[in-house]
Each structure stands twice: as structure tokens, then as C-alpha cells.
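Some notes on the structure that comes next.
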Amino acid sequence: MTTLMTPSIVSTVPGLNAPQPSPLSETTTLTVAKAINEGLRQAMLDDPKVVLLGEDIGALGGVFRVTSDLLAQFGARRVIDTPLAESAIIGTAVGLAYRGYRPVCEIQFDGFIFPGFDQIVSQVAKFHYRTQGAVRMPITIRVPFGGGIGAAEHHSESPEAYFTHTSGLRVIAVSNAQDAYSLIRQAIASDDPVLYFEPKRRYHVKGEVVPELGAPMEQAVIVRPGTDVTLLTYGALVSTARDAALAAADEGVSIEVIDLRSLSPVDYAVVEASVRKTGRLVVTHEAAQSGGLGGEIIATVTERCFSYLESAPVRVTGFDVPYPPAKLESHHLPDLDRILDGVDRVMGRR
Amino acid sequence: MTTLMTPSIVSTVPGLNAPQPSPLSETTTLTVAKAINEGLRQAMLDDPKVVLLGEDIGALGGVFRVTSDLLAQFGARRVIDTPLAESAIIGTAVGLAYRGYRPVCEIQFDGFIFPGFDQIVSQVAKFHYRTQGAVRMPITIRVPFGGGIGAAEHHSESPEAYFTHTSGLRVIAVSNAQDAYSLIRQAIASDDPVLYFEPKRRYHVKGEVVPELGAPMEQAVIVRPGTDVTLLTYGALVSTARDAALAAADEGVSIEVIDLRSLSPVDYAVVEASVRKTGRLVVTHEAAQSGGLGGEIIATVTERCFSYLESAPVRVTGFDVPYPPAKLESHHLPDLDRILDGVDRVMGRR
Amino acid sequence: MIDFSPPLVQLLSLDGERISRPDFDPWVSDLDGPALLALYRDMVVVRRIDTEATALQRQGELGLWPPLLGQEAAQVGSARALRNDDFVFPSYRENAVAYCRGVQLTDIVRVWRGNAQSGWDPYTVNMATPAIIIGAQTLHATGWALGAQRDEVDSVAITYFGDGATSEGDVNEALIFAASFQAPVIFFCQNNHWAISEPVGVQAHRNIADRAPGFGIPSLRIDGNDVIAVLAATRIALDRARAGDGPTFIEAVTYRMGPHTTADDPTRYRDPAELAEWKTRDPLVRLHRLLTKLGEITPEVEAATQALADAAAAELRAGCIGMPDPEPLSVFDHVYATPNATLERQRTDYAGYLTSFGSSDQPGEGR
Amino acid sequence: MIDFSPPLVQLLSLDGERISRPDFDPWVSDLDGPALLALYRDMVVVRRIDTEATALQRQGELGLWPPLLGQEAAQVGSARALRNDDFVFPSYRENAVAYCRGVQLTDIVRVWRGNAQSGWDPYTVNMATPAIIIGAQTLHATGWALGAQRDEVDSVAITYFGDGATSEGDVNEALIFAASFQAPVIFFCQNNHWAISEPVGVQAHRNIADRAPGFGIPSLRIDGNDVIAVLAATRIALDRARAGDGPTFIEAVTYRMGPHTTADDPTRYRDPAELAEWKTRDPLVRLHRLLTKLGEITPEVEAATQALADAAAAELRAGCIGMPDPEPLSVFDHVYATPNATLERQRTDYAGYLTSFGSSDQPGEGR
Ligand SMILES: Cc1ncc(C[n+]2csc(CCOP(=O)(O)OP(=O)(O)O)c2C)c(N)n1
Ligand SMILES: Cc1ncc(C[n+]2csc(CCOP(=O)(O)OP(=O)(O)O)c2C)c(N)n1
Ligand SMILES: [Mg+2]
Ligand SMILES: [Mg+2]
């Protein structure tokens, strides 16, 4: 039984002699997944200290193929298929960062970040503070997040609020191919640790990508200007929010849609300016309502813009339930109708 | 070298033949720590399925002596000194619950709950939902929390918001000896999992304890009635809030102090009634501001009581920094002055 | 006396010869022709169920399916060693174990159709529902075993997990707790050589079975495609646990002949020659050879077995397709065992929201 | 050839006799009288520092102190085997290691006085600052070693942890990663028999050193109170790592003669007879006996050593007491390496709040 034990880590790499793709050099139409892939490739070309760690990221290219072909191009020293242990993925990234590397960890699905939670919260987030700046943690933790793909348990979580409550971390969520590309590069280049949330159910949506870094990642973006209601969101729901704004426009309500992009810190300059203008705020996210980012933003906006508010800000979120089975997820996830219902409420129409 | 290996788990228990203390039968003055100890003892007497698990909870009685003498009284089958592994403490409690036990886990300090986070968030919190009620998780997880004791890193954390954002958990924080006693009993008796936060820096504060269960644990309590400002808090800060109310009274401001007790769910009936009366809300907690419970409560109160609010609710919280070194903690923790400053702000005096 | 560190234990050769081993034989002395045939029948049925479920997934009736193709002996052999009052803590791939425990076929696919997060009441069959967080269930099994120990009964917990799972902290902590408390739990590792795309060599530089002894837990490394060896090893481990001798670790060396799940494409990472080689070790073929030699296989037996398998497949298909969708508001059910005001408010609000739609104007369709 | 599974390795008997072992002796052949005396001097100094720090805690100058009393040989012997470019990832008890790495004495107590969360810049001495989450640092060491491996240098990471730590998932995952990637890292476990109040038997039913081989990591079990054995073992492990032969696990069997920390009361859980027995194995006494036999101990040497130790204690005390308190607003410093608007606003607000108090009217005093 010669193959009973595979002797060592992947030694023969399929496609290692394949032609090396050149990095993006002009505007190209890419899926979100491919845009991240190109961003990773560029970051690895730019800086030899960038290494990738994760489960199945090598020959398979990750279960979502986000790291496709990177093993072939950069080899097993930089694209590291790790044993199945999230705490160790993060914990060894800490050690690599200690030695001057810029590790990019892939967590296979949102629900699998929790075994690595301690290393993120107690180590990654605290090291810079702990050592008074002597030790930097330029670690990027990539997490496909959110529901709507009909998946089994633990594959549809929205754990971002655990990290936005953790001082020392930056948190990014991208919604489109261009940001996917630009912000993964910025995240990797950041000297601070970044949780980088990828809109799982929109991995296959295409968009034009210019090979540029774009606006700083901590800036929110007004996706669609409007005057009656500020609608704030991030990740996969940005597209739903845009659709809602279109639908509301038909009913005579002008919605300003903001894609937060950075969840920590939140770009309150943009948010406040919008709310001062519209006087009405709706926040939507998939995560459970209690303790979600929406509450934090509403509290902050209320503190800072109280006299501008025409009505109580409204949340349209996942319910306070564990993520439900696939056949029920449409009754948990905010959709066009629930967002419009929220808009109605903030407009005092219900 | 005969003692090089200690053969097995604690076999000779100091004090095993000591007289067994009888449970509390009348009003007694106890410290908070001792009140929990008495509550645990009563719960263990009431139900043979109650078992304790944790590090150093046996012969030592826990680093805060909360489990003192329980090993001697109930033996090593019910008071289990575990190996040093938090995930396993929680994970084996899940298995014990599966078999009909009511495990009470001690996490030695707040900062050490994170290695057990996955089992709490993905297992303890979800099992009842997952199995459509077939499998109950009557697990109590005791956590000494909060700062102000001049401790080293990871010994002064306030991680409650991670759990209030986790659907399926109940979260309790006690502030005084009576609640410490009554609510640990209620928590253990609850068929839902409970995170039970103990006000570490007030473990040694004494109070009268009646051996009764008292009001249901999900009810908030008005600690001191008032008319101008609602001041909401929980845990160790309840006492500071009461002091602030006293000081404010001298300056002519009437503060209603509410001890939340239950952080999830929050007793909004009591909170809303108070805010409708006062029109002004201050929330104070030690945890970092961003993503803390304060934001959640302010958002909810704003949604439900918008037209009653005289001014924007105010938060007085720890800053968005990792818990600082002991010599700086007074510049991080809300204290009397910072709470009064918050009251000034909500009163429009600043 | 059992030697707990042998090389791979095999009691049934690839040619279907019964290999005699004085240490293991007594544990399977009851395995006469009919008993072996019963095991064979189980294995044929579970393979048929597996194929049907894969087909149902391809037809869009299931969201996902994790095939067990190739692991029938490991699962059937171990499951058939258990008593009713033992308790199984599986991963997501133990559908043959579920079948042996008496789980209804419809219930097996309930999760994979997305109708519920678990398919059955664990207490009716003494088997937990699938665990997806890798390795977490090993701690649950250990905790359950601590409970059984405290109850002073001789029921045993058995937990199933893969080669990949052995890298998770939880599995190692489970070994530590089990050893420390001498808990009656069996760690049954199906080393199917792959954790999605990662060969077992990524997880372990030595045989997986070598790990447990260092924790003070005896281990057995058995041919997981040999149902007789699997049954024997599991019985030995059960016997130890019932006698109060604590945990045992079993590495069943087998092979995942299919994809990781129906969502996986093993051609991206796996040499087809490896699969070809493992096909020669097929657990069903091997047992069939032995049964043929024993004269147990007749055309009638073949036909009856096939009929049984087809009936199971038909039952599975009908149950799957006929499963009613859950009620919308059940999304709020069972979050807590006790009432919860915040959640009740969300339920009430959402119920009101739903009724605000007319019958022709369904939510989720835009407006 | 080194046998990696011997019983306890001892090169220096309790009586101070040098025990000859052909496999280990070559690794310490340079240890002449002066070299041994240097090790002794280190051990005397670190014990003196330890005593002084305990005294400072009792006097209220330190918030807490974790004594290393009894573990001097384990720490000095291993630390003195390292090269400057090796990197140490300690727990919280490795103050002798810190001393050997050249950490300033004041910096050692900075954390325990509560002035900072870490006392020194790790890169100046190639030693990380104390890790308090049990076991977490073993993964950091493994990651650092992966970096060294990628840099193609022969620097080695060494991580220190206790017997209790071996139960944490992280430590086991570190072993798995180190084995899988053959990382140049040394796992140095000081089995001091206690994890606060729990005897090592709670954590492990076998010798701790027995655990690593199952992961594919060779291990050595040495008398941790024998500085010569410790030095030899560490050198062997370093040599393996530098040669690309991967990780080594060392169990240094020693004893925590003091309390867990100054906040602990071991009389609640520990038999005094055990401590008494271990006093007879004191690492300093043993080496002193050997040195005496070698004629290295003269009254002058004794006096000079004592003076060195006293000077260190005085330096520690002065540095500790003279340490300036941190500036209030430094609570906001270094959370991020890059600007953060939310935090800057909090800083500005708090600065304004502080200046709203007059000089006589300090915050935190009530009003
Ligand atoms: C904590 C966690 N991390 C990652 C995953 C994703 N995942 C699902 S199955 C799997 C491989 C498991 O391999 P193995 O343990 O060998 O079991 P097998 O699938 O081969 O039966 C991975 C990585 C998960 N479910 N849970
Ligand atoms: C994750 C975690 N859990 C619990 C603790 C509390 N704690 C501090 S030291 C200690 C015992 C450690 O024992 P061991 O590893 O043997 O090291 P030693 O103190 O003996 O040097 C415990 C339980 C901690 N610091 N971190
Ligand atoms: Mg596998
Ligand atoms: Mg120890």
C-alpha cells in the first residue's frame, strides 16, 4: 500500500511550468473573485514579503478559486497550504509578521474564523499597542462572508461586528470588483492588521477594474446621490441597496446610497454630511440586529447629528437568530422589499 | 525522583473530611464572591446534574476563591479541575449538557474566554436552534470581568458585547451580592446558555443576601429613581453610577440609575419607561465604545423613544484601545467625573 | 493481549481471504456467513443511498452532498459494533453510520436540502446530527463520556472525524481531556487521505495513529476498507471503555473515492492513478469475494440486496422531494428554550410585515 | 547519534558529580571551569533579581511578580545556548532568559509595575515580550521560524511554555505546523510540575516529552535543574534546526519552588513535603558543588558573585522605583500604525476633558 501515507507537503504542483500570467495593466472586466486574485498577484509581485496562508489555497486555488494559479506562479514558499487549524493560521501569521513578512490569511468561510478568534483579538489586534509600536502586524485576513448562497450551517455568517468592536483592527468589506482589487492591495500594504470581508454571493459578478489603488480604503463612497434618505450598507447588500434606491425613485423618494467600505473606522465625515442633508438614516446589514454595526452607526450619528434627524434612524438587518437553514434564509436576509419597508418607516409612511 | 510525575488528577482533597457547610437559610452579609459561592452551593444541592468545570476551581477554590470548599463538599466528580484548555472546558460542557447535565464553567479571567470562543458562538449558542429544540444547552459560563484592579494584560477585559451580538445566548452581569447569589442560581436553572459576568473589582464588597431567587434575571432594576436623566449601566460601574447620581443631586440634577442585570435580552420595558420620563439617556460601560452595548441600547432607544428624547443620548465608555497598562487604566475606565461629564453633556451644560 | 502499536491491521485481504490474527480473531468469532452478509447488505445499501443523494444534488434537489464512497466499511463496521445506548458524535460524512443507527433516510438529507440545520432528534437514535466545524464534535463526545462516567453506566461515546481534523486544536484538547479523565470515548479517525485538496501529509508527518499514544491513549491503525478489522477494532475499544479503561484511538485507513462534496472538483489536485489504485481496494468488492467463497452469494441474494438498495434509494428520493418547506416564521423558532422579548418583537414585526403583502404580492419578489 | 527517547537525561548529579554520557558530552566539551562559573554567576544573579522583584511586589512597587525560583538552570542553560540572531518567544516567567538576552533590568519589571504592556523592544534583544495567553506564543515562534526558513538563514526560534500550556490547542497546533513545515523551532517546555494549583498529572497521563514524537517531532526529557544537561539539549536542538532537520521538543523537568505568582498561596493546594524534596535538587547548589570540586569556588569568587548579584538587585530596585509614570494621553498611542479618525476624536475629546480640570481639581478624585 504505497500511497497510504503521502510523504510530505505538496511537492508536485500542477501547472508549475505553465506560463506566468502578467499582472493587470489596463482596464479589464473581472469577477469579484478574479479581481481579488489579481490584487493578490500584484501585491505579491510588488513585495516579496507577501505570503499567503490558508486551507486549500494552493493546487485547488481556494474553494472559491480566489488564489487560483498563485501557487504555480509564486511557489509553495509563498502560497502555503496549511494544516487544518485556523488558530495556527493566524498565530503563525503573527510570527511571520514579527519577522517582517506581510501574511495574507484565507479563512475558508466566515463561520470558520472563530477557532482563530483568540489569536486575532488577543494577539493580532494588540501587538502594536502592546509593544508601543515596536512590532507591526501587517496581516490581512481574508474572509468570504454573508449568506444567500443556500449553504449549510456556518457558511453564511456575518461576523464583522465582532471585529469592529476590537480595538487595533481595521475592517474592510468590499462590494464590487474594482474595490475588491484596489482594497486588497491597500489592505496588504497597510501596516495595521486588516480583516478583509469578501461578498461571497457576489464573487461571480463582473465589473470593470482599473489597475489602480483608488481612494484610501478608509473612505466611504456615495454609490448613488440622493436627498431624502441616507441608506448605508456594505458588502453584498450594496447592490440590493442600489436597486432599492432605483425602486424608491419610482415612488418619488430620493435615496442616497453609501457603501461604507471601511467598517472600522467608519468614515463618519461622509456619513454625517449625508445625514445632515437628508435628515433620515437607514442602515442595512445581514448580521443580527442586536450588537450589529447598524446600532453603532445609529448611536454615533444620533450623537453627532441629533438636531438634523427628521425621524428615528431605522435598521433593516438579519434577525437575532442563528443563521437559518437555506430554505429560510430569504426570511432572514434583508432584501429589496425589506429595505423599502425600512425606507417607508424612516419616511414616516408606516 | 518519585514525584516527577504526579500520577493522576487530584485524589487527596484537602478538607474533604471537614464539616459540610449548610446552605444559606437566612439573611446574611456576604461578599459578592462569597454570594456566588453560596449560590453555586445551593444550585448543586438542588440538582445533582449541576457540575462545575474550570481551571484551579478545586483545591484552590479558583483564583478568586469563588468555588472555595465546593470540592470538599461535592467531590471531584462534580467539581472538576480541568486541564488548561478553554475550548475543551466549553466543548466538554456541551457534551455534558447533551447528556442532561447542567455544567457551570469558570473562565479564570475575561481575557481567557477567547480560546473558547468558537465553542461558545458556534456550538453553545446554536445547538438549541440547530436541533429545533431537541438538545438543550443549560450551560452557565462564569466570567470575572472588567478592570480597575491594576492587573497585567488580558485580566481586565469587558468582552460582553461579543456575546450580546451572538443569537442564542443570554448574558447577565451582576453588580451586588444579592444579585450575585440569586442570578447565579437562576442562570444555572435556565434551560438556555448564560454568560454570567462577575464584577471582578467588587468581589470583596459586602452586601446583605436573602436566600431567594428574586426577580427574574431578565429584568432590569431601578437602583435609584430620578427624573432628569436616565443613567444605564451594569456590573462594577453600577456603584460608580450610584455615586454619580448622589453627586449630581447636590448639583440639582435628578438621575435615575438603572442596573441592567440582563445584557441580552435588554429589558427595554424598564429602559423605555425611564427614558420616556427623563428624555435623556447616558449609558456607561468599561468596554470600548465602538461596537459596545451602549451603541446598541442608544440605537434601540432612539428607534423606540425618538420623540421623547430631549437631547442626543450620551456614552461614557472605555476608549477604542486595547486595555491599557495598569498605570493608565484610570484614563480609560469611566469614573465618577467622566460620568458626571456625560450627564453635563446630555443636560446640554457643555 | 492486544498489541496497540501494530502496523496496519488487516483481517480480510484484497482477494477476499480471511487473514487470521490470534489477537483480533476472538473479537469477530461470531461473524458467520449470514452476519457477514448483513454487513455486506448494509454496505451495498449505503453506497446506493450515497449515489442517489449525489444524483439528487445534481438534479437540484439537494444543495450539497458529501459522498462517503469508499468509506463504507469504516462506517458500517464501526457503527455495527455499537450498542443502542452508545452515542455517536459524527462529522458531516457519516451517513452510513446514520443509516446503521436507524436514522430515517429522509432525515439524512434534510440538512442537505436546506430544510433544517439538523435532520433528526439525536436522542431517538443516540446519534448527534452533523457537525460542520471541523473537530468540534470530538469535545462533545468527550463531555458526553464524562457524563456517562458520572452516571456510572457503561455506555460509550464514539466520535468520527477525518485526517484533516486531527490538526485542529479541539481534537487535541479532546484527547487531553479524555486521557486526563479516562473518559469512555472512542476517537474514530477516518483517514481518507484527503482534507478537501490537501493530502494527509500536510497534516501529519507520521501515521495519525502514532499521535494518540503520546497523550496516553492507546491506538489502533486498521485497514478501514476491511469491515472485519473495523468491527473488531471498534469492539476492542468499546470493551476497554466499558471496563473503565478509558479512551481508545482508531485510525481507519481508507480513501475518499469521490469528491470532497458535490461542490468539489478533485481533478484540480488529485492524481487519477491514486484513485485507480484505491479502486482495487474497494471495501464492497473485497467482502463480496469472501462471501462468494463462503457460498453466501447466490443470484437470489444478489437480487434481494439490489432490491433492498433500490427501495432505499426510492424512499430517499421520495422523502427528499416530498419534504415540505419550512414555515417562514419558523425562522424565529427554538433560538431559545425560554421566552425572549427582543426576539418576540422581531417575530411580531416580521409577521406584520409578511401580512402586509397581498397573496399575489409576495415578499422577496420586488414590488 | 542521539537517542531521542531516553529516560531523564542528567549530566550533573545531585552531589555535583559530572555524569558522563557519550551522546551528550561532545555538546558541552567546552564547559571548563570558567565557563561553568559563568553559568553559575548567571544563576546567582537571576535568583537575586527574582528575590528582589518579589520584595518590590511585597512593598507595593510592583503589581505582580511571577517568580522563577527553582527554574534558574532550565532558563540560563537554554538561553546561554542561543546565538544573538536566534529569537526567543517566552511566556511570562522567563525573566532569567530575558537577563541572559541582555534585557535591561528595569525593562524586565516595567510590565509588572503596570507602566506598559511590554518592557522592551523585542528587536533589540531578539526576544519577544511576555505572553500571557497561555501557549499563544508557541505559534508565533513557529511562524517566525517559517519566516527564517523562507529567508534561508540558519537562525532558530525557541519558545518557552509550561506543563499546563501543553493542554492548550494552540501548543498542539504549533507542533503540527512545525512538523508539517519542518520549521526551525525549539519547543522548550519547563515542566515545573504545577499550573497554578493543578499538578502536571491533570494535564498529561504520560511524560510530556512523550507527546512530541507522535507529531513527528523528536523530543528530549532532561533534568531541568541540571544546567549542563539543559545547555547540551538546547545545543543539540539548535544544531538540528540549523541543519534543516526541523523542530525539537525539550521537556526540562524542574520545579516551581515559589508560588505561581506573588498573588498565589500554594499552601492551599501543595504538600510542603514535595517542596522540601525538591529543595534537595536545587540547581544552584548542585552546580556550586561541582565548582567547588573543580576548585573554582574561592572566597573571592563568592564575594564577587554576591556583589554582582547585589548590584543587579540595586539596579533593579532603583530602576523600578525611578520609572516615570506614563503620560495620560499615551493611553491612545500606538493602537494603530496609521492614523485613525475615530480614535483621534476620542483622544481630542479626552484631552479637552482633562484640561477642563484645574490643576488643583484632578480628574478621578470626584468633585
Ligand atoms: C473549523 C473549520 N475549518 C474549515 C472548514 C472547511 N472544511 C470543511 S471539510 C474540510 C476538510 C476536512 O477534512 P477531513 O477532516 O480529512 O475530513 P473529510 O472531509 O476527509 O471526511 C474543510 C477544510 C470547516 N468545516 N471547519
Ligand atoms: C488562555 C489562558 N488561560 C488561563 C490563564 C491563567 N493562567 C495563567 S498561568 C496559568 C498556569 C500555567 O501553567 P504552566 O503552563 O505550567 O506554566 P507555569 O505557570 O507553571 O510556568 C494559568 C491557568 C491564562 N493566562 N491564559
Ligand atoms: Mg479526510
Ligand atoms: Mg507549570
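Protein chains in written order, with our numbering: chain A, 268 to 617; chain B, 268 to 617; chain C, 2 to 368; chain D, 2 to 368. Where a beta carbon is used, it is the ideal one built from N, C-alpha and C, also for glycine. Note that the structure is a prediction, hence the values are computed from the model and not measured.
Nonlocal neighbours in the same chain, by C-beta distance under 8 Å from Ala503(B), ignoring five residues either side: Taking the first residue of the second sequence as position 1, residue 503(B) is located at position 236. Excluding residues within five positions, the ones whose Cβ falls inside 8 Å are Gly413, Gly415, Ser442, Pro466, Lys467, Arg468, Arg469, Glu553.
Ligand 2 heavy atom lying under 6 Å from the CB of Gln204(C): Against the third sequence, residue 204(C) aligns to sequence position 203. Because no heavy atom of ligand 2 lies under 6 Å away, the Cβ of Gln204(C) does not count as near it: no.
Ligand 1 heavy atom lying under 6 Å from the CB of Gln375(A): Translated into the one-based positions of the first sequence, residue 375(A) becomes position 108. True, at least one ligand heavy atom lies under 6 Å from that Cβ.
Opening and closing residue of the beta strand (DSSP E) in which Gly367(B) lies: The residue given as residue 367(B) occupies position 100 in the second sequence. Note, Gly367(B): premise wrong, no beta strand (DSSP E); not H, not E.
Chain C within 7 Å of Val254(D), Cβ atoms only: Taking the first residue of the fourth sequence as position 1, residue 254(D) is located at position 253. Not closer than 7 Å to any Cβ of chain C, the Cβ of Val254(D) fails to qualify, so no.
Cβ-Cβ distance between Ser158(D) and Val186(D) below 7 Å: In the fourth sequence, residue 158(D) corresponds to position 157, counting from 1. In the fourth sequence, residue 186(D) corresponds to position 185, counting from 1. Correcting the residue type first, residue 158(D) is Ala in the shown sequence and not Ser. Taking 7 Å as the Cβ cut-off, Ala158(D) and Val186(D) qualify as a contacting pair.
Cβ pair count under 8 Å reaching 3, the region 219-235 of chain C against the region 384-402 of chain A: no
Heavy atom of ligand 3 within 6 Å of Ala158(C) beta-carbon: Along the third sequence, read from residue 1 onward, the residue named residue 158(C) stands at position 157. Ala158(C) Cβ: outside cutoff for every heavy atom of ligand 3.
Neighbour-count burial assignment, Pro23(C), 16 or more Cβ in a 10 Å radius: Your numbering for residue 23(C) matches position 22 in the third sequence. Label assigned to Pro23(C): exposed.
Nearest to Gly585(A) (by Cα), restricted to the options Ile525(A), His599(A), Thr294(A), Pro592(A): In the first sequence, counting from the first residue as 1, residue 585(A) sits at position 318. Ranking Ile525(A), His599(A), Thr294(A), Pro592(A) by Cα distance to Gly585(A) puts His599(A) first.
Own chain partners of Leu106(D) with C-beta closer than 8 Å, once the 5 adjacent residues on each side are dropped: What you label residue 106(D) is simply residue 105 of the fourth sequence in a count that begins at 1. Answer for Leu106(D): Ile50, Tyr100, Ala313, Glu316, Leu317, Gly320, listed in chain order.
CA nearest to the CA of Thr551(B), picked from Gly519(B), Val505(B), Ser335(B): By one-based count along the second sequence, residue 551(B) stands at place 284. Ranking the options by Cα distance to Thr551(B), first place goes to Val505(B).
For His141(D), the first and last residue of its enclosing alpha helix (DSSP H): Position 140 of the fourth sequence, counted from the start, is the residue given in the question as residue 141(D). Run containing His141(D): 137-152, per the alpha helix (DSSP H) assignment.
DSSP three-state assignment for Asn96(C), whether helix, strand or coil: For the purposes of this step, residue 96(C) is taken as residue 95 along the third sequence, with counting starting at 1. Note: Asn96(C) maps to helix in three-state DSSP.
Test: Pro200(C) CB closer than 7 Å to a CB of chain B: On the third sequence, residue 200(C) is found 199 positions in, with the first residue counted as 1. No, because no Cβ of chain B sits closer than 7 Å to the Cβ of Pro200(C).
Residue from Ser181(C), Ala253(C), Gly215(C), Arg207(C) whose Cα sits closest to the Cα of Asn192(C): What you label residue 192(C) is simply residue 191 of the third sequence in a count that begins at 1. For Asn192(C), the nearest C-alpha among the options comes from Ala253(C).
Strand pairing of Trp195(C), partner residues [DSSP]: In the third sequence, the residue the question calls residue 195(C) occupies position 194. Paired residue(s): Pro200(C).
Minimum length 3: unbroken beta strand (DSSP E) runs contained in the region 48-97 of chain D: 88-90
Positions along the region 558-578 of chain B whose CB lies within less than 9 Å of some CB in chain A: Gly558, Gly559, Leu560, Gly561, Gly562, Glu563, Ile564, Ile565, Ala566, Thr567, Thr569, Glu570, Arg571, Cys572, Phe573, Ser574, Leu576, Ser578
The region 168-179 of chain C: positions lying closer than 7 Å to chain D by Cβ: Ser168, Gly170, Asp171, Asn173, Glu174, Ile177
Continuous alpha helix (DSSP H) assignments of at least 4 residues falling wholly in the region 374-435 of chain A: 394-397, 427-431
Among Leu344(C), Asp108(C), Asn341(C), the one whose alpha carbon lies nearest that of Ala54(C): As a working note, residue 54(C) is residue 53 in the third sequence. Of the listed residues, the one whose Cα sits closest to Ala54(C) is Asp108(C).
Enclosing beta strand (DSSP E) for Tyr463(B) [first to last residue]: Translated into the one-based positions of the second sequence, residue 463(B) becomes position 196. Residues 461-466.
Ligand 2 heavy atom lying under 6 Å from the CB of Glu316(D): The residue you call residue 316(D) lines up with position 315 of the fourth sequence. Answer for Glu316(D): no, Cβ out of range of ligand 2.
Beta carbon proximity, Glu420(B) to chain D, threshold 7 Å: Here residue 420(B) refers to the residue found at position 153 when the second sequence is read from its first residue. Taking Cβ atoms only, chain D reaches closer than 7 Å to Glu420(B), which makes this a yes.
Near ligand 1: Asn193(C) beta-carbon under 6 Å from a heavy atom: Numbered from 1 along the third sequence, position 192 holds the residue referred to as residue 193(C). Correct: Asn193(C) has its Cβ closer than 6 Å to ligand 1.
7 Å Cβ shell around Val659(B) - same chain, five flanking residues per side excluded: Here chain B has residues from 268 to 617 only, and residue 659(B) is not among them.
For Gln340(B) and Val657(B), the rounded distance between their alpha carbons: Residue coverage of chain B in this structure runs from 268 to 617, which leaves residue 657(B) outside it and unanswerable.
Near-chain B residues of the region 427-443 of chain A (beta-carbon distance less than 7 Å), N- to C-terminal order: Ala428, Tyr429, Thr431, His432, Ser434, Gly435
Pro350(B) CB to nearest heavy atom of ligand 2 below 6 Å: To locate residue 350(B), count along the second sequence from 1; it is residue 83. Because no heavy atom of ligand 2 lies under 6 Å away, the Cβ of Pro350(B) does not count as near it: no.
Spatial distance of Ser449(B) from Arg543(B) (CA atoms): Against the second sequence, residue 449(B) aligns to sequence position 182. Against the second sequence, residue 543(B) aligns to sequence position 276. If I take the Cα positions, the gap works out to 30 Å.
Per-residue contacts from Gly215(C) into chain D (C-beta, under 8 Å): In the third sequence, the residue the question calls residue 215(C) occupies position 214. The answer, in chain order, is Arg207, Asp211, Arg212, Ala213, Pro214, Gly215, Phe216.
Rounded distance between the beta-carbons of Lys316(B) and Gly367(B), thought under 8 Å: Reading the second sequence from its first residue, position 100 is the one you call residue 367(B). Reading the second sequence from its first residue, position 49 is the one you call residue 316(B). Gly367(B) to Lys316(B), Cβ: 6 Å. Contact.
Within chain C, the residues that Gln150(D) reaches when beta carbons sit closer than 7 Å: The residue labelled residue 150(D) in the question sits at position 149 within the fourth sequence. Here the premise fails: no neighbours, minimum Cβ distance about 15 Å.
Selected residue, minimal CA-CA separation from Glu322(B), among Asp86(D), Gln204(D), Ser119(D), Ser181(D): Counting from 1 along the second sequence, the entry for residue 322(B) is found at position 55. Comparing Cα positions, the closest option is Gln204(D).
Backbone secondary structure at Gly365(C) - three-state DSSP: Stepping through the third sequence from its first residue, residue 365(C) is reached at position 364. The predicted model places Gly365(C) with a pLDDT of 49, which falls under 50 and marks its position as unreliable, so this point remains unresolved.
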